[in-house]
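Per numbering that gives the first Met the number 0, the sequence shown starts with residue 0, numbered consecutively. Every residue gets a Cβ at the ideal spot worked out from N, C-alpha and C, and that includes glycine. What you are looking at is a predicted structure, and each value in this text was computed from that prediction instead of being measured.
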Amino acid sequence: MSDTEAQLKPPAPGAGSRENAGNYDTILKIPVTVQVVLGSTSMPVASLMKLGRGAVISLDQRVGEPVNVVVNGRVVARGEVVVVDEDNSRFGVSLTEIVTSSSAEDSA
């Protein structure tokens, strides 16, 4: 096993190695980009240039359909949009499905 492989593996249960635990903690602190995709559309640049404040862009998903949760470009889950704050100013996603690599490839 190479040094890199050893650093990327989580510590074995009961291993008690502070060095392995430190490496694992370091990996857990790596930032990732998380996106919630509400839908998409395609339009010519001319139409895009005509958009102004208050314009509505129709997306390919319907209200109530699950949204994709994407981490570093890969779909990892699906969920539904929920209101987080009582004043309706913040939204979140309630996860309904964790996507396996095979089901992500099927939906792509």
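Residue j beta carbon less than 8 Å from that of residue i
i, j, result
"N71", "V36", "no"
"T95", "E85", "no"
"S93", "V81", "yes"
"V98", "G91", "no"
"V62", "Q34", "no"
"P112", "R52", "This structure leaves residue 112 out entirely; the chain is present only between 0 and 107."
Start-to-end residues for the alpha helix (DSSP H) that takes in residue i
i, result
"A45", "44–49"
Bounding residues of the beta strand (DSSP E) (the contiguous stretch that carries residue i)
i, result
"A76", "73–82"
"V68", "66–70"
"G63", "Segment: none, G63 is in no beta strand (DSSP E) and carries neither H nor E."
"E85", "Looking at the DSSP string, E85 is not in any beta strand (DSSP E), and its letter there is neither H nor E."
"I97", "90–97"
Segment contact, 8 Å Cβ cut-off, at least three pairs: the region 19–26 with the region 47–60: no
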